[in-house]
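See below for the structure under consideration.
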Amino acid sequence: MAAPESSPPSSLRNAFGFVFSFFILVLIGVLAFSIRLFSVIKYESVIHEFDPYFNYRVTQYLTKNGIYDFWNWFDDRTWYPLGRVIGGTVYPGLTLTAGTLWWLLNSLNIPLSVETVCVFTAPIFSAFASWATFLLTKEVKGTGAGLTAAALLAMVPSYISRSVAGSYDNEAVAIFALIFTFYLYIKTLNTGSLFYATLNSIAYFYMVCSWGGYTFIINLIPMHVLLCIVTGRYSSRLYIAYAPLVVLGTLLAALVPVVGFNAVMTSEHFASFLVFIIIHVVALVSYIKGILSPKMFKVAVTLVISVGLVICVAVLAVLIALVASSPTKGWSGRSLSLLDPTYASKYIPIIASVSEHQPPTWPSYFMDINVLAFLVPAGIIACFLPLSDASSFVVLYIVTSVYFSGVMVRLMLVLAPAACIMSGIALSGAFDALTGSIKFQLLDTSETPSSDAGDATSEGVVVENNGPKADKTEDTLKERTSKKNKKKEKEKEKEKETSEVSSSRSSKPRGKKRLLLLPIEASVIATFLLVLLVAFYVVHCVWAAAEAYSAPSIVLTSQSHDGLHVFDDFREAYAWLSHNTEVDDKVASWWDYGYQTTAMANRTVIVDNNTWNNTHIATVGTAMSSPEKAAWEIFNSLDVKYVLVVFGGLVGYPSDDINKFLWMVRIGGGVFPHIKEPDYLREGQYRIDSQATPTMLNCLMYKLSYYRFVETDGKAFDRVRRTEIGKKYFKLTHFEEV
């Protein structure tokens, strides 16, 4: 009768907990969205960086012309004279998502511009990513850990850097898709539901549409499946979680034009197929074991393993033949640079030249994940107490993401959700233990010594001195009983003895639990320190969002004694091109500025940020590295009328073309052997002062950057390189400044 009486308060508590959790999740979503609006508040609603301008231009085309024209769009404004097929070379997830949002809002008579929708897509999906993190962590360690992990992800600087308002890049929606795919995989693994397995394949399809980082999913999940099989944790739930993902996911991935047959022909996907064969062999062995006798089972296992090995060898032979026919062994350049960090610098300088492809420094870890770096080990330990299929997956996730983030700073973004999940588990477990200690000891001290022996506290603690009182009661009853009721009384005594034994047994674990409790003073101090740690994390995240990651690269600012200075030179230059040049004029620049020139100036460019044609980029790099006359001949052959260079020596802007120049030399020299890097270095040092080499002082990039520079201060002092330039007075013979 006790259970029905206690159920209404329990159900009320569960209902209150559900409502409270829902309210917290709404606040986390609001936090994730609002913390990313500093860029709009401090500057204006503007697209950031370089790649987002291409995505914005593609979204404009989609909303104006429709999806069929989008798939068949041939863009003659880029990679002149080659052009580019947009529908077959772009991941369409971000564009289709923003286009759908714009269409829905306009259908509801909310007339927002395409640019506004693009600016706010990333903050919206950061809220979705926080909620997906809650669902994933809840499946691993419960609601408390899920809420903590979601709150941490909403603020983590590493994710903010790629999802501030205006950062309209693929990662804006891809991180949500990544976490949600992992959640559905774990959900299927815990429930064995084919419904969730189908949803998992659809989520994986969305991830494939959104970002090339989908290969991380299709390699991490097979690794986890193989780990479960090797450690003897195979089950039908594991089969249901994995097999539909490989079959449906691969078929759906092949529908994306930019992926196509790469879903079955490249080495990044082969691990999933190999594990697919292995899990079927294991499933067959498990099935046979259930229907055969032990003797027959041994014979059958030998046969199955033999056939399985033959199939595996045959598949491996086919894969090796396919791989051997490729000079890169079937791997893409970016994948090889992840597996071998020195590969790009040796063979593909165009990949190594991108700043986000460089390995991170130790301070960048503290900047991007802050105190989470110290909480992750505690979260890993908590996942082993106890170890489940779900917790082993997140451990594998954090281990692999730590490695990849150490190779490429861009992949700190993949580490951030894993670090938040582990830190959420660690913080939740720590707060549970500390607050539990405080609560238990406060309840203990509030108990009175005269309380009844047989009563239990609300926590189910049995008082240990109930033995003597129970004996005394038994003696009293024995004296009062008559001979007629002795038989019944003996039965009662046996029942009481049984209850005493069970109560003493139940008191032993509680006694052990008491030994594990911290003193109340230590618990209070530790709780306060944890709260202080979280407060420090919040302050750092808000500072990073407001100061470090909110400034759009298209608008530059500097602080001096007389206030804030805004340099809008980029947009002014593109506006000049748009208003003062012919529509068909071709503009040459380094590939960094290609997307912005096409989107903002609406002019044809020679190369852009897609970097698909290394020879074309090397041609531009060679022109920039050559003397003026040779450079003019190269540009004239490409029908170039204007050359755009970015120079920051006057205002102190470090990301200018002079600092990028050695990459132009390396990439150009990789295709055209007469360009040699040592010719531009003095004793191995890159210099632009009086010690610079003649080749450096006479190249086109030097002349275009420092033309009439001496007229600014009379000394020609470069504020970025912190030196006076070597060649101050010269004239341009084949180019003129506009």
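Residue numbers (our numbering): 21 to 758. Glycine included, every Cβ here is placed at the ideal spot set by N, Cα and C. A quick note: this is a predicted structure, and the numbers were derived from the prediction, not measured.
In this structure, A223 places its C-beta atom within 9 Å of the C-beta atom of T201. Bounds of the alpha helix (DSSP H) holding A152 are 134-161. Spatial neighbours of S609 in its own chain (CB-CB distance under 6 Å, excluding positions within 5 residues in sequence) are listed in chain order as L664. With fewer than 16 other Cβ atoms from the protein chains shown falling within 10 Å of its own Cβ, Y423 counts as exposed. Distances from the CA of D589 to each of Q616, F148, A564, V419 were compared; the closest alpha carbon is that of Q616.
Excluding residues up to 5 positions away in sequence, A393 lie with their Cβ nearer than 7 Å to the Cβ of Y385 in the same chain. Taken through DSSP and simplified to helix, strand or coil, Y557 comes out as helix. It is roughly 44 Å from the alpha-carbon of G690 to the alpha-carbon of I55. In the DSSP assignment, the residues bridged to S580 are G583. N718 places its beta carbon 9 Å or farther from that of E653.
At least 9 Å separates the beta-carbon of V78 from that of A185. Sixteen is the threshold: when 16 or more other Cβ atoms of the shown chains lie within 10 Å of the Cβ of Y179, as they do, the residue is buried. Excluding residues up to 5 positions away in sequence, Y557, H560 lie with their Cβ nearer than 6 Å to the Cβ of N390 in the same chain. Under the Cβ criterion (8 Å, minimum of three pairs), the region 439-449 counts as touching the region 396-416.
Per DSSP, V415 is one residue of the alpha helix (DSSP H) stretching across 409-427.
The residue from N634, G614, H581 with its alpha-carbon nearest to that of I626 is G614.
Judged by DSSP in its simplified three-state form, Q378 adopts coil rather than helix or strand.
Contact fails between the region 62-73 and the region 43-54, because fewer than three Cβ pairs, one in each stretch, are under 8 Å apart. Per the DSSP secondary-structure output, L701 pairs in a beta bridge with Y706. Rounded to whole angstroms, the gap between the alpha carbons of G107 and T83 is 14 Å. Collapsing the DSSP output to three states places Y188 in coil. Scanning the region 241-270 for uninterrupted alpha helix (DSSP H) segments of 4 residues or longer gives nothing; none is fully contained.
Contact check between the region 205-220 and the region 264-273: three or more CB pairs, one atom from each, fall below 8 Å, which counts as touching. In this structure D709 does not touch I678 by the C-beta definition: roughly 12 Å separates them, more than the 8 Å allowed.
A straight line joining the alpha-carbon of L435 with that of S425 spans about 6 Å. The DSSP assignment places 58-62, 71-85, 87-91 as complete runs of the alpha helix (DSSP H) inside the region 46-104, in order along the chain (cut-off: 4 residues). The shortest CA-to-CA distance from G232 to any of S573, V279, I206 is the one to V279.
Per DSSP, reduced to three states, the secondary structure at F460 is helical. At the C-beta level, Y726 and K751 stay beyond 9 Å of one another. In this structure, the straight-line span from the alpha carbon of I206 to that of S443 is close to 19 Å.
Residue environment: N34 is assigned as exposed (fewer than 16 neighbouring CB atoms within 10 Å of its CB, all protein chains considered).
In the structure shown, V319 falls within a helical segment according to DSSP collapsed to helix, strand and coil. Setting aside the 5 residues that flank it on each side, P369 is surrounded in the same chain by W683, R686, I687, G690, each with a C-beta closer than 7 Å to its C-beta; the list follows chain order. Taking all protein chains shown into account, L209 has 16 or more neighbouring C-beta atoms within 10 Å of its C-beta and is therefore buried. If you draw a straight line from the Cα of L339 to the Cα of H244, it is about 22 Å long. The C-beta distance from C440 to T153 rounds to 6 Å, short enough to fall under 8 Å.
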